[in-house]
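Have a look at the structure below, then the notes.
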Amino acid sequence: MEDGQPIDQLDNIIIVDGLPVVPPEKYDKLHALIKKISNSFGCVTQRFELPKDEKDFTTGFAFVEYQSKAEAERAITKMHGQSLDKKHVFAVCLFTDWLKFKDIPDEYVEPKEEAYQPEENMMGWLLDEAAREQYLVRHDKETEVWWNDPLVLGKQSVAQKRKDWTEYIARWSPLGTYMATFHTQGVQLWGGPDFKSLGRFPHTQVQLIDFSPNEKFLVTWFNNLTVWDVKTKQKLRIFPGGPTPDHGWPVFKWSHDEAYLAKITEDNIHIFDSSTMKLVQPDPKKATTLFIPRVRAFDWSPTENILSYWVPEDGDKPARVVLLKLTINKKGEVVFEQVTQKNLFRVVDIKMHWQSNGEFLCVKVDRYSKSSNDKKKVTNFELFRMKAKAIAVDVVELTEEVIAFAWEPKGSRFAVIHGDNPQRYSVSFYTMGNPKNGQVKLLKSLPKKSANHLFWSPKGTHIVIAGLKSFNGILEFWNVQELELTGGGEHFMCTDVEWDPSGRYVATSVSYYRHQMENGYTLWTFQGKQFLSLAREKFLQFQWRPRPASVLDEKRLKGIQRTIKDRAARYQEEEKAFEKMEAENITRQKKEKMDQFRKFVKETKEAMAVFTERRRAQRKNCGWHSDDESCYRTTEEYVEELISFEEEELA
Numbered sequence: 339m340e341d342g343q344p345i346d347q348l349d350n351i352i353i354v355d356g357l358p359v360v361p362p363e364k365y366d367k368l369h370a371l372i373k374k375i376s377n378s379f380g381c382v383t384q385r386f387e388l389p390k391d392e393k394d395f396t397t398g399f400a401f402v403e404y405q406s407k408a409e410a411e412r413a414i415t416k417m418h419g420q421s422l423d424k425k426h427v428f429a430v431c432l433f434t435d436w437l438k439f440k441d442i443p444d445e446y447v448e449p450k451e452e453a454y455q456p457e458e459n460m461m462g463w464l465l466d467e468a469a470r471e472q473y474l475v476r477h478d479k480e481t482e483v484w485w486n487d488p489l490v491l492g493k494q495s496v497a498q499k500r501k502d503w504t505e506y507i508a509r510w511s512p513l514g515t516y517m518a519t520f521h522t523q524g525v526q527l528w529g530g531p532d533f534k535s536l537g538r539f540p541h542t543q544v545q546l547i548d549f550s551p552n553e554k555f556l557v558t559w560f561n562n563l564t565v566w567d568v569k570t571k572q573k574l575r576i577f578p579g580g581p582t583p584d585h586g587w588p589v590f591k592w593s594h595d596e597a598y599l600a601k602i603t604e605d606n607i608h609i610f611d612s613s614t615m616k617l618v619q620p621d622p623k624k625a626t627t628l629f630i631p632r633v634r635a636f637d638w639s640p641t642e643n644i645l646s647y648w649v650p651e652d653g654d655k656p657a658r659v660v661l662l663k664l665t666i667n668k669k670g671e672v673v674f675e676q677v678t679q680k681n682l683f684r685v686v687d688i689k690m691h692w693q694s695n696g697e698f699l700c701v702k703v704d705r706y707s708k709s710s711n712d713k714k715k716v717t718n719f720e721l722f723r724m725k726a727k728a729i730a731v732d733v734v735e736l737t738e739e740v741i742a743f744a745w746e747p748k749g750s751r752f753a754v755i756h757g758d759n760p761q762r763y764s765v766s767f768y769t770m771g772n773p774k775n776g777q778v779k780l781l782k783s784l785p786k787k788s789a790n791h792l793f794w795s796p797k798g799t800h801i802v803i804a805g806l807k808s809f810n811g812i813l814e815f816w817n818v819q820e821l822e823l824t825g826g827g828e829h830f831m832c833t834d835v836e837w838d839p840s841g842r843y844v845a846t847s848v849s850y851y852r853h854q855m856e857n858g859y860t861l862w863t864f865q866g867k868q869f870l871s872l873a874r875e876k877f878l879q880f881q882w883r884p885r886p887a888s889v890l891d892e893k894r895l896k897g898i899q900r901t902i903k904d905r906a907a908r909y910q911e912e913e914k915a916f917e918k919m920e921a922e923n924i925t926r927q928k929k930e931k932m933d934q935f936r937k938f939v940k941e942t943k944e945a946m947a948v949f950t951e952r953r954r955a956q957r958k959n960c961g962w963h964s965d966d967e968s969c970y971r972t973t974e975e976y977v978e979e980l981i982s983f984e985e986e987e988l989a
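In the numbering used here, the protein residues as written are 339 to 989.
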């Protein structure tokens, strides 16, 4: 097991107090007795000491070092409060705990009362009256946070901008509370209305970071993996290693409730308890959580503590996809229960895709065709219904190459790009129907599409079908509920597409990291109408600010959706009034500028008249006025001049 080194190298040492005070002649006997008792709870190292005073009497306590912190804690649990004899009771603690409390004064000193300082509202941007979204932009050395103002005639207002705010990249936390910036010394978090510094996490030359789903933990990487508590900024544990070609970033995958973080190594899946950062060991004899020979990949359900993993074929043994449920029994022990298993044959590769609500799991299986002699690959989608009894599995087979797959967020539909001709790919939409007992059904197939990426709205229903890289940024906006094309366009050399968290707007951009030309970003409505396009030299990054999940339950959300049409007219009137007000503001601003210009011209002419009289008075004997220098008449005369003459006799 690739175990991490402890933060404190002294946490495997305990202090045993309450021992008899004995003279030198009884020292060896007491030493042997206490060491024997200590060895019964773990392996004691050579550092076992019974301190003596100046008269060579023992002092009534001992230092005992174990090989691990776990053994030391076990010894404390077993020994503390136990009697050695009628007069002596063990009092045991960690040496590190003694270091923490040894300097506490015996007399209580009442702390000074500090004035209350109200904390800043970390969710202030969510209270915007116009419900605007924020987004992060980086170009050259500038880092900017903007408000999206689609109604202000294409203008945007800046919330914060700073030069050299980050040395590498910047990114939002999953709920949008923090903005992280990268520096040579480590990571820094910012937030609040004025984006004040909220904490530093030192990690020299840090390259990658990952937040836990609810932003409680932060993982940083360069040369090693460090797990931090975001609130306290405390370093919780250091793990060796990092991303590899087979297992990229993030190395740790979090359970939906942040209770566990897990990573994969050869033949093992290691799961750690986030409250202690200790390895979950169902079998104390094994230094791992799950020993699974040849395991290739795993993933967590986004809504339950269910783990999915797959193992390739081994001789006559088929490949298999296994789902394990992690539970806690009455004794407080972690128990793994196998929920289901699917055996598969002729497997080349497997990819697992969880639907955002955890209702479905798609296992994309690339395999060799049975009848093909040229080893032609086909793709099966093994679709697990997690809410059905016994977890039913539907199968969809495609004989063409699959380019992309994507679930509809919070929905039952999925989209697939497939085909053997790069210029004639097809895009197909399917529905799973009822999560418990529905049937897979093809809704529509769109042939001859120049597309290789799928981007669902985070609210579902709408999707952007995009052709990036060699397809030069061809975009189509579809309403999958109505199966209709709502808009389209092209963003030449487009490298990135991203929906805002409300599902109302889409950003497309060309990053300087990929292309050194056409850098900038464009904003679109969900229906494919472009309303802003900005070119930025050395444009690097665009990222919408995430929003936390709604506090409303599903019932209330559906009630709001049912009555949205009744309020649509009011919203439209408010938008028209806002647009009218903005137009009036622009007209007023233009008029004010024109009035200022006319006033300037008038004042300048009046001043010029005064100075003209003064100059004429000073030059009254010159016979001319300097103000009349521009009053003249131009006369043009044409003069012909013979330059050369040559006479030639013709035959």
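Even for Gly, the Cβ is constructed at its ideal location relative to N, Cα and C.
Out of His756, Pro531, Val686 and Ser783, point me to the one whose CA is closest to Val818's CA.
The option with the nearest alpha carbon to Val818 is Ser783.
Could you compute how far the alpha carbon of Lys390 sits from the alpha carbon of His369?
The alpha-carbon atoms of Lys390 and His369 are separated by roughly 12 Å.
Alpha carbons only, please: which of Thr519, Phe880, Val844 and Gln881 is nearest the one belonging to Gln804?
As written in the sequence, residue 804 is Ala, which differs from the Gln given in the question. Out of Thr519, Phe880, Val844 and Gln881, Val844 has the C-alpha closest to the C-alpha of Ala804.
Could you work out which residue in Ser847, Gln881 and Leu813 is closest to Pro839 when comparing CA atoms only?
Per the Cα distances, Gln881.
Give me the residue from Lys715, Val802 and Ser849 with the minimum Cα distance to Gly827.
The shortest C-alpha separation from Gly827 is found at Val802.
May I have the straight-line CA-CA distance separating Gly580 from Gly586, to the nearest angstrom?
For Gly580 and Gly586, the distance between alpha carbons rounds to 8 Å.
How is Val939 classed by DSSP in three states: helix, strand or coil?
In the structure shown, Val939 sits in a helix (DSSP, three-state: H, G or I).
Out of curiosity, what's the CA-to-CA distance linking Gly858 and Val734?
So the two alpha carbons sit approximately 40 Å from each other.
Going by the CB atoms, is the gap between Val565 and Leu574 shorter than 8 Å?
Closer than 8 Å, so yes.
For Leu890, count the other beta carbons within 10 Å of its own beta carbon; 16 or more makes it buried, fewer makes it exposed. Which is it?
Label assigned to Leu890: exposed.
What residues match up with Ile547 in a beta bridge as DSSP calls it?
In the DSSP output, where bridge partners are listed per residue, Ile547 has Thr558.
Beta-carbon separation of Ala408 and Ile352 under 8 Å?
Not in contact: Ala408 and Ile352 (Cβ atoms no closer than 8 Å).
Indicate whether the contact test is met: 3 or more Cβ pairs, each with one atom in the stretch 687-705 and one in the stretch 611-626, closer than 8 Å.
Cβ pair count under 8 Å is below three, so no.
Can you tell which of Gly462, Pro650 and Phe935 has its C-alpha closest to the C-alpha of Asp532?
Checking every option, the nearest Cα to that of Asp532 belongs to Gly462.
Span of the alpha helix (DSSP H) holding Glu409?
Run containing Glu409: Lys407 to Met417, per the alpha helix (DSSP H) assignment.
What residues in its chain sit with their C-beta under 6 Å from that of Ser750, if we drop five residues either side in the sequence?
Answer for Ser750: Thr769 and Met770, listed in chain order.
Give me, in chain order, the residues of the same chain whose beta-carbon lies closer than 8 Å to that of Met339; leave out the 5 immediate sequence neighbours on both sides.
Low per-residue confidence applies at Met339: pLDDT is 30, beneath 50, and the placement is therefore not dependable, though the value from the model is reported in the following sentence. The residues are Thr603, Asn606, His608, Leu617, Ala625 and Thr626.
Nearest to Leu489 by CA position, among Glu746, Cys381 and Gln868, is which residue?
Considering only alpha carbons, the answer is Gln868.
As a quick exercise: from Val672, Tyr850 and Lys702, pick the residue whose alpha carbon is nearest that of Leu682.
Nearest of Val672, Tyr850 and Lys702 to Leu682, Cα basis: Lys702.
Among His418, Arg684, Pro449 and Tyr598, which one has its Cα closest to the Cα of Ile666?
Ile666 has its Cα closest to that of Tyr598, out of His418, Arg684, Pro449 and Tyr598.
To which residues does DSSP link Met770 through a beta bridge?
DSSP, once it has assigned bridges, lists no residue as partnering Met770.
Going by beta carbon distance, what residues of the same chain come within less than 6 Å of Thr397, once the five residues before and after it are set aside?
The residues are Pro389 and Asp391.
Pull up the DSSP beta-bridge partners for Val360, would you.
Partner(s): none; Val360 has no beta bridge.
From Arg684 to Phe636, what does the alpha carbon distance come to, in whole angstroms?
Answer to the nearest angstrom: the Cα atoms are 20 Å apart.
Pick helix, strand or coil for Gln572, following the three-state DSSP scheme.
DSSP places Gln572 in coil when its eight states are reduced to three.
Going by DSSP in three states, Gln956 sits in which element: helix, strand or coil?
Here Gln956 sits in helix by DSSP.
Alpha carbons only, please: which of Arg954, Tyr506, Lys937 and Ile630 is nearest the one belonging to Arg476?
Among Arg954, Tyr506, Lys937 and Ile630, the Cα nearest to that of Arg476 is on Tyr506.
Helix, strand or coil for Glu978 per DSSP?
Reduced to three states, the DSSP call for Glu978 is coil.
Quick check on this structure: which residue in Val754, Lys440, Asn377 and Ser888 has the alpha carbon closest to the alpha carbon of Met417?
Nearest of Val754, Lys440, Asn377 and Ser888 to Met417, Cα basis: Asn377.
Which first and last residues belong to the alpha helix (DSSP H) in which Ser376 is found?
Run containing Ser376: Tyr365 to Asn377, per the alpha helix (DSSP H) assignment.
For the stretch 796-871, list the beta strand (DSSP E) runs that are entirely contained and at least 3 residues long, ordered along the chain.
Fully enclosed beta strand (DSSP E) runs of 3 or longer: 800-805, 812-817, 822-828, 834-837, 843-848 and 858-863.
Alpha carbon to alpha carbon, how far is Met724 from Gly776?
C-alpha separation (whole angstroms): 12 Å.
Who are the Cβ neighbours of Lys779 in its own chain at under 6 Å, not counting the five residues just before and after it?
Thr769.
Where DSSP assigns a beta bridge to Gly524, which residues make up the other side?
Answer is His521 and Pro540, bridged to Gly524.
Quick check on Gln693: buried or exposed, where buried means 16 or more other Cβ atoms within 10 Å of its Cβ?
Result: buried.
Given Tyr976, which residues of its chain have a CB within under 8 Å of its CB, disregarding the five upstream and five downstream residues?
Correct list: empty, nothing qualifies.
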